[in-house]
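In this note's numbering, the protein residues as written are 119 to 689. Presented below is the structure to which this report refers.
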């Protein structure tokens, strides 16, 4: 099959080696996907969103052929080509600038080679933690070597500096060249003390490493527990054992060591220092907490394999029909990447992290909604941007790059509707809104849910900080209100508690594992209903006279005001 002009344009962003497989099966699948959609009879609205399309996209995107869609890999390039080709077939316009579908961005990655054991020393006594089993070590910057020599450990509580909560775990303590040991999450023992059970961005690992570097520390070690992280230790093992990417050109202070330790392992390290971990944790729940020097040191040498890679966001636009509103855009977003291929194989002999739920399902929903919008006549008043972003698993890098290098003013971004994993357990009575209460978009979601005879519920797991773990957060930081759903748990036809049990088991056994694979047994009726709901939410936002707004006093309200003022001045 001859290459189209558009496919050659897309390939020009990649390395010079040939990356498009000669597989007849691949070409046949792509041809059938395109021709089937092109020949579809025009329908209207959400009825064009069908389960077969969602299932078909997931089957391809989660296939072993794509090798886990790791950033810069052959599978990543095939994924971008597939999405861009679908966008073109559906009649969207290239939206990355200069008539391009792809918004490329450069990455630099480091794969860390750690010693078999990490040894902590206090006087003539030592505690040795096994790498991977008890401790994960990552070089904190793109470097071929990182070394700590007798770096002193300091316990810094939760490692948070939050003036708006009158909270400072650091108290001007000199932490230069220290290794900071800190609790995961944020304080939650007293609902009136910090943010109660709801996790804030301050509880995120990326914040903790960043603030540690700003304090001049040489390293930071986060104490993992399943309740505080929202996932078991095996997720740390798989997520931090591969290549770690960041945006090329990232500046600022850096750590030599980013570390994670099991609670059991670090309990022994703290005990070596003459302290009790539970007692330290209790002290850390108070505003009066001060950093505590543990008197224990760490010496470690890490080797790194550094390489530069390119990946891309794939952007397609449906222009709006209203001359007054078409400059404003409703954004549908889903990340197209996953973890790629692991160094080690699991017990089944599998080392491909297919990312079927996370996030082939989200991209499938995005493509299926693009098909429905493409059939609208006339289109919505505001424009609709479909953004399949890359490198989310590396720290929301694709959406971060998009937010920092937008093709339009942030003040003209009406809302972002993010899809990161969809429901595979069947229809639910409830619609679970992550970040419920943050904006007046909740009113629209509630109205659409009511039309489906469903109810809206706030985040079922507020302590897991889901709002700050997916791509809508990157746009929130520049002021754009967002909608992000998780699967409901009140499953139609199932006993109470069954849905939560299914989701808990998925997080425990499948999340960020090679077992996140497509199955014919998935019940996608819930995914279908949620996708139709998000379609209708976006359609209403695109046609209403006013822009959505953050709730008064929300942490992102000021950014929204600034963005709208900047857009008005630019016009």
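Don't be surprised by glycine CBs; every beta carbon is placed ideally from N, CA and C. Everything numeric in this text was worked out from a predicted model, so none of it was measured.
Assigned secondary structure, residue 673 (DSSP; H/G/I helix, E/B strand, else coil): Residue 673 falls in the coil class under three-state DSSP.
When burial is assigned at 16 or more other CB atoms within 10 Å of the CB, is residue 688 buried or exposed? Residue 688 should be labelled exposed.
Can you name the start and end residues of the beta strand (DSSP E) that residue 536 belongs to? 531-536 is the extent of the beta strand (DSSP E) around residue 536.
To the nearest angstrom, report how far apart residue 297 and residue 264 are at their CA atoms. Across the structure, residue 297 and residue 264 are spaced so that their CA atoms are roughly 13 Å apart.
Roughly how many angstroms separate the alpha carbons of residue 606 and residue 260, rounded to a whole number? Rounded to the nearest angstrom, the two C-alpha atoms are 40 Å apart.
Rounded distance between the beta-carbons of residue 520 and residue 532, thought under 8 Å: With a beta-carbon spacing of about 16 Å, residue 532 and residue 520 fall beyond the 8 Å limit used to define contacts.
Is it buried or exposed, residue 512, if we count other Cβ atoms within 10 angstroms and call 16 or more buried? By the neighbour-count definition (other C-beta atoms within 10 Å, threshold 16), residue 512 is a buried residue.
Going straight from the alpha carbon of residue 366 to that of residue 545, what length do you get? Their Cα atoms are separated by approximately 42 Å.
Spatial neighbours of residue 671 within its chain, please: CB distance less than 6 Å, with the 5 preceding and 5 following residues excluded, ordered by chain position. Contacts found: none.
Just verifying my parser: in three-state terms, what is the DSSP assignment at residue 255? Here residue 255 sits in strand by DSSP.
With contact counted as at least three CB pairs below 8 Å, one residue from each stretch, are the region 376-396 and the region 240-256 in contact? With a cut-off of 8 Å, the region 240-256 and the region 376-396 count as touching, because enough Cβ pairs lie within range.
Taking DSSP as the reference, what is the three-state secondary structure of residue 177? If DSSP states are grouped into helix, strand and coil, residue 177 belongs with the helices.
At a cut-off of 8 Å, is residue 553 close to the ligand NAD when judged by its beta-carbon and the heavy atoms of the ligand? Ligands displayed in this structure: none; no statement on the ligand NAD is therefore possible.
To the nearest angstrom, how far is the alpha carbon of residue 203 from that of residue 176? Going by the C-alpha atoms only, they are around 16 Å apart.
Those residues which DSSP pairs with residue 410 across a bridge: BP columns for residue 410 point to 273.
Below 9 Å between beta carbons: does that hold for residue 223 and residue 536? No, Cβ-Cβ distance for residue 223 and residue 536 is not below 9 Å.
Check the C-beta distance from residue 277 over to residue 326 and give it rounded, since I have them as a contact under 8 Å. Confirmed, about 5 Å.
Across the region 330-341 and the region 292-312, are there enough close Cβ pairs to call them in contact, namely three or more that are closer than 8 Å? With a cut-off of 8 Å, the region 292-312 and the region 330-341 count as touching, because enough Cβ pairs lie within range.
With a Cβ-Cβ cutoff of 9 Å, do residue 575 and residue 649 count as a contact? Taking the C-beta atoms as reference points, residue 649 is found no nearer than 9 Å to residue 575.
What is the DSSP secondary structure of residue 575, counted as helix, strand or coil? DSSP places residue 575 in the strand class (E or B) of the three-state scheme.
Could you say if the region 408-422 and the region 233-248 meet the contact criterion of at least three C-beta pairs nearer than 8 Å? Under the Cβ criterion (8 Å, minimum of three pairs), the region 408-422 counts as touching the region 233-248.
Quick check on residue 171: buried or exposed, where buried means 16 or more other Cβ atoms within 10 Å of its Cβ? The residue is buried, with at least 16 neighbouring Cβ atoms inside 10 Å.
For residue 668, which of helix, strand or coil comes out of DSSP? Assignment of residue 668 by DSSP, reduced to helix, strand and coil, places it in the strand class.
Nearest-angstrom Cα separation, counted from residue 242 out to residue 514: Those two C-alpha atoms are separated by around 43 Å.
Taking C-beta to C-beta, are residue 599 and residue 652 nearer than 9 Å? At a Cβ-Cβ threshold of 9 Å, residue 599 and residue 652 do not count as neighbours.
Express the C-alpha separation of residue 316 and residue 661 in angstroms, rounding to a whole number. Distance between the alpha carbons of residue 661 and residue 316 is about 33 Å.
Which residues does DSSP list as the beta-bridge partners of residue 684? Beta-bridge pairing links residue 684 to no other residue.
Option nearest residue 585 by Cα separation, candidates 404, 195, 552: Closest by alpha carbon: 552.
Just to confirm, are residue 477 and residue 510 a CB contact at a threshold of 9 Å? In this structure, residue 510 lies closer than 9 Å to residue 477 by Cβ.
Report the option in 226, 543, 209 whose CA atom is closest to the CA atom of residue 639. Cα-wise, what sits closest to residue 639 is 543.
Buried or exposed, going by whether 16 or more other CB atoms sit within 10 Å of the CB of residue 614? Classification for residue 614: exposed.
Classification of residue 186 by the beta-carbon crowding that lies within 10 angstroms, buried from 16 upward: Classification of residue 186: buried, given that the 10 Å Cβ count is 16 or more.
Whether or not the region 350-362 and the region 612-632 are in contact is what I'm after, with contact meaning three or more pairs of Cβ atoms, one per stretch, closer than 8 Å; do they touch? Remark: three or more beta-carbon pairs, one from each stretch, lie closer than 8 Å, so the region 612-632 and the region 350-362 are flagged as touching.
Could you say which of 311, 383, 561 lies nearest to residue 252 if we only look at CA atoms? Ranking 311, 383, 561 by Cα distance to residue 252 puts 383 first.
Within this structure, are the beta carbons of residue 583 and residue 321 separated by less than 9 Å? Taking C-beta atoms as the reference points, residue 583 and residue 321 count as a pair closer than 9 Å.
For residue 428: DSSP bridge partner residues: Note: residue 428 sits in a beta bridge opposite 224.
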